[in-house]
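Numbering (this note's numbering), first residue to last: 361 to 1102.
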């Protein structure tokens, strides 16, 4: 730890101290002594308040547990009355948001949103640059189109023809011609800046809606190098280059269709990272800083060659009016900080107490953004002077109020204009869901999104209703009354609060990165449900999901949905418990559910605890790759803990199942660099012991959170680490599809 006299009385990890002085503040007129004294003051101001709020969580949970022990699932009206009596359920309010200086990507342009761990720079750069994605690549390299033959090495012309035909079909659907089909086009021409002429085998035509022509990039004469189209606020560039292998094959020389894709990206300091000490936090903060200065780069090996990735610049065209049209080349960046319950050993008070991690997150997030706000960045993120901070794990309006006060205090410390620091509200805890109007009201002048997080929300539902009875199987949660009410009511409340045209209404993650056909067939339901953004796991998925926003005019959908009745919040109070105490479940049902969840827990924990990987594609028991993070872990651990408590499974059965599943997970990870098999020594494996800890402490763990167990066992694993963890982190997450157009 550092000399406390130089760090505002705080004991600071040396690597974190050096990062602040040598990198975070290096280009600013701020001194390290100011930074640490400010942090100390903020921590002292808010630590007691946070402790009180966390104690209130525990008090309410104890009262709810007692009620359910007496009444079981109970009657909804009786439960509603009880929750009102104890102050858990508050009167419904009618908030109206009034947020200024919001970037178009948040307020006006519906589209996909990426979430990327801040701990691996190359993936953060990939996400930031995913504002534009090759539709050709996404169709060529995934199961979005059926593979009807074994692909030839390199570029397969039959597959290329299949991609071109599908792109023509999509162009006909979203950008139809006045006459004929895009499949018949032999040339796209721009005789004048505002005119797109389309030559087909039958003659010359144009777009059915000429207003969809947004601009072009000049080429040879009236033959443009690129044609820019626009629909529902999103752009599509037809890149024209007959000299390329794809352009030669295309009937009009179109070498790629580049679609505006990840309109926004959350750079994550929370659920998708494993940051348990000073060096871990420095790695995450360094990525956020480099993205905000525009100086972040990453060099790595890929496909047998060395690749250097950096932040993309903007894209310039001749607009339809003849003037210069500049479009952002990067996704709008938000940053997710940690929740109120997190404390950080890397910075301690003079008395030795770990500080509130959220206070450090908020201060670093804002200071890093100063480079952009002051015009010192290589590329700008915001064009309105705002910084977007996502706040997770908040329980009810009082906790939202505290987050708002913290952001206000940081603004004052940095002499920023009020409400510069905007807030995204994660609607992922039950006490927030049932009091969503009041939560929004507390942040009415700075809230820029509400997002349903099905995974964490399910984990909290299980924990809140723990004593009501054994809960339904994990996969059956999606059909429960509370879940359907939750998804509908989140949209209803946000629209009534005035989110349309001011803020995002978000939906959760598509968890199967390899299943793009399935995603295309199902995730279109999110924009049709009124969500103007939804999470996707990769840039390729963002490009394909963007097709749903070309298909659906979300703003028009929101206008219609605003007329429907508000979903009754009493639906949120129906506990998802099994009928007859689970007596109707067969032994096979119980065995399969236990095995599925145990394997899921172990598959995630071996990477978090053993390798420091906070989020990756983890194969399930059937070998299907699923995106896993702490939210999925929370569900699985709470599921087993609940069934154990209610006697559907026994402790010995749980331990035996985990031991068997450890062998399965070891086999699934046998080729991972740095991986240490659990079965070599189950008693001595931090990963295996962490998994058991999560389950056997799940009933007592406040809110069913996983961070305490993960952090404790990860720190133990790091103390005895012998593998190449950095190599492992680089190897786990794939960059995306093959690139025939590159």
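Each residue gets a CB set at the ideal place from its N, CA and C atoms; glycine is no exception. Owing to the predicted nature of the structure, the values given are computational and were not obtained by experimental measurement.
| query | How about residue 872 and residue 984: are their beta carbons less than 8 angstroms apart? | reply | Here residue 872 corresponds to residue number 512 of the chain shown, with the count starting at 1. Here residue 984 corresponds to residue number 624 of the chain shown, with the count starting at 1. It is a contact, given that the beta carbons lie within the stated cut-off.
| Got a sec? Which residues, its chain only, sit under 7 angstroms from residue 1049 by beta carbon, not counting five neighbours each side? | The residue given as residue 1049 occupies position 689 in the chain shown. 1073, listed in sequence order.
| request: Go ahead and pull the three-state DSSP assignment for residue 648. | output: As a working note, residue 648 is residue 288 in the chain shown. If DSSP states are grouped into helix, strand and coil, residue 648 belongs with the helices.
| If you run the structure through DSSP and keep just helix, strand and coil, what is residue 1089? | The residue labelled residue 1089 in the question sits at position 729 within the chain shown. Any reading at residue 1089 is ruled out, since the residue's pLDDT is 43, under 50, leaving its predicted position unreliable.
| query | Using CA coordinates, which residue listed in 571, 570, 586 is at the minimum distance from residue 577? | reply | If you number the chain shown from 1, residue 577 lands on position 217. If we check each option's Cα against that of residue 577, 586 comes out closest.
| said: Which runs of the alpha helix (DSSP H) at least 4 residues long sit entirely within the stretch 499-575? Give them in chain order. | reply: 517-534
| message | Between which two residues does the beta strand (DSSP E) holding residue 1078 run? | response | Counted from its first residue, the chain shown places residue 1078 at position 718. Premise fails: residue 1078 lies in the alpha helix (DSSP H), 1067-1079, not in any beta strand (DSSP E).
| query | Going by beta carbon distance, what residues of the same chain come within less than 6 angstroms of residue 636, once the five residues before and after it are set aside? | reply | The residue given as residue 636 occupies position 276 in the chain shown. Result list for residue 636: 1071, 1074, 1075, in chain order.
| task | Using the Cα positions of residue 770 and residue 368, report the straight-line distance between them to the nearest angstrom. | result | Here residue 770 is taken as the residue at index 410 of the chain shown, counted from 1. Here residue 368 is taken as the residue at index 8 of the chain shown, counted from 1. Approximately 17 angstroms between the Cα atoms of the pair.
| field | Cα-Cα separation between residue 550 and residue 581, rounded to whole angstroms | value | Start at 1 with the first residue of the chain shown, and residue 550 comes out as number 190. Start at 1 with the first residue of the chain shown, and residue 581 comes out as number 221. Those two C-alpha atoms are separated by around 9 angstroms.
| said: residue 725 and residue 842 - do their beta-carbons sit closer together than 8 angstroms? | reply: As a position in the chain shown, residue 842 is number 482, starting the count at 1. As a position in the chain shown, residue 725 is number 365, starting the count at 1. Against a cut-off of 8 angstroms, the Cβ pair of residue 725 and residue 842 comes out as no contact.
| message | What ranges does the beta strand (DSSP E) occupy inside the stretch 705-733, keeping only unbroken runs of at least 3 residues that lie completely in it? | response | 714-716
| query | Just reading off the beta strand (DSSP E) that residue 979 is part of, what are its end residues? | reply | To locate residue 979, count along the chain shown from 1; it is residue 619. Element bounds for residue 979: 976-979.
| task | Answer with buried or exposed for residue 546, where buried requires no fewer than 16 other C-beta atoms within 10 angstroms of its C-beta. | result | Residue mapping note: residue 546 aligns to position 186 of the chain shown, counting from 1. Answer is exposed; the Cβ neighbour count stays below 16.
| query | In the DSSP assignment, what are the bridge partners of residue 811? | reply | Along the chain shown, read from residue 1 onward, the residue named residue 811 stands at position 451. 786, 866, per the DSSP bridge assignment.
| query | How far does the alpha helix (DSSP H) with residue 1005 in it reach, from first residue to last? | reply | Within the chain shown, numbered from 1, the residue matching residue 1005 stands at position 645. Where residue 1005 is concerned, the enclosing alpha helix (DSSP H) stretches over 990-1005.
| task | Using alpha carbons as the reference points, say which of 449, 695, 395, 393 lies closest to residue 420. | result | What you label residue 420 is simply residue 60 of the chain shown in a count that begins at 1. Of the listed residues, the one whose Cα sits closest to residue 420 is 449.
| task | Using only alpha-carbon positions, find the residue among 418, 798, 567 that is nearest to residue 554. | result | Numbered from 1 along the chain shown, position 194 holds the residue referred to as residue 554. If we check each option's Cα against that of residue 554, 567 comes out closest.
| request: Measuring alpha carbon to alpha carbon, tell me which of 825, 402, 1078 ends up nearest residue 432. | output: As a working note, residue 432 is residue 72 in the chain shown. For the residues 825, 402, 1078, the minimum Cα distance to residue 432 belongs to 825.
| said: Three Cβ pairs or more, each shorter than 8 angstroms: is that satisfied between the stretch 902-921 and the stretch 967-977? | reply: no
| Should the stretch 414-430 be called in touch with the stretch 825-838, which here means at least 3 C-beta pairs below 8 angstroms? | yes
| request: Would you check if there are 3 or more beta carbon pairs closer than 8 angstroms linking the stretch 640-660 to the stretch 478-493? | output: yes
| query | From this set, 639, 490, 750, 903, which residue's C-alpha is nearest residue 378's C-alpha? | reply | If you number the chain shown from 1, residue 378 lands on position 18. Among 639, 490, 750, 903, the Cα nearest to that of residue 378 belongs to 639.
| query | Assuming residue 976 and residue 1054 make a contact with CB atoms under 8 angstroms, what is their CB distance in whole Å? | reply | Numbered from its first residue, the chain shown carries residue 976 at position 616. Numbered from its first residue, the chain shown carries residue 1054 at position 694. Contact flag wrong, Cβ pair sits at about 18 angstroms.
| task | Determine the closest residue to residue 947 out of 1009, 891, 962, 921, with distance taken between C-alpha atoms. | result | Along the chain shown, read from residue 1 onward, the residue named residue 947 stands at position 587. Among 1009, 891, 962, 921, the Cα nearest to that of residue 947 belongs to 1009.
| message | Quick check: the Cα distance between residue 489 and residue 671, rounded to an integer number of angstroms? | response | Stepping through the chain shown from its first residue, residue 489 is reached at position 129. Stepping through the chain shown from its first residue, residue 671 is reached at position 311. Cα to Cα, residue 489 sits roughly 7 angstroms from residue 671.
| field | Those runs of the beta strand (DSSP E) which lie wholly inside the stretch 397-456 and span at least 3 residues | value | none
| query | Excluding sequence positions up to five away, which residues of its chain have a Cβ less than 6 angstroms from the Cβ of residue 538? | reply | Stepping through the chain shown from its first residue, residue 538 is reached at position 178. The residues are 565, 566, 568.
| Distance, residue 630 Cα to residue 859 Cα | Here residue 859 is taken as the residue at index 499 of the chain shown, counted from 1. Here residue 630 is taken as the residue at index 270 of the chain shown, counted from 1. Cα to Cα, the separation comes out at about 25 angstroms.
| task | For the stretch 406-417 and the stretch 755-764, state whether three or more C-beta atom pairs, one from each stretch, are separated by less than 8 angstroms. | result | yes
| query | Quick one: is residue 1043 buried, meaning 16 or more other Cβ sit within 10 Å of its Cβ, or exposed? | reply | Position 683 of the chain shown, counting from 1, holds the residue named residue 1043. The residue in question, residue 1043, is exposed, as its Cβ has fewer than 16 Cβ neighbours within 10 Å.
| task | Given a cut-off of 8 angstroms, decide if residue 869 and residue 904 are closer than it, judged by their beta-carbon atoms. | result | Working through the chain shown from its first residue, we reach residue 904 at position 544. Working through the chain shown from its first residue, we reach residue 869 at position 509. No, Cβ-Cβ distance for residue 904 and residue 869 is not below 8 angstroms.
| query | Would the beta-carbon of residue 375 fall within 8 angstroms of that of residue 642? | reply | Looking up residue 375 in the chain shown gives position 15. Looking up residue 642 in the chain shown gives position 282. Cβ atoms of residue 375 and residue 642: closer than 8 angstroms.
| query | Do the stretch 683-702 and the stretch 716-725 make contact, defined as three or more Cβ pairs closer than 8 angstroms? | reply | yes
| Bridge-paired residues (DSSP) for residue 1027 | Position 667 of the chain shown, counted from the start, is the residue given in the question as residue 1027. BP columns for residue 1027 are empty, so no partner.
| query | Whole beta strand (DSSP E) runs in the stretch 613-647 with 3 or more residues, listed along the chain? | reply | 614-620, 624-628
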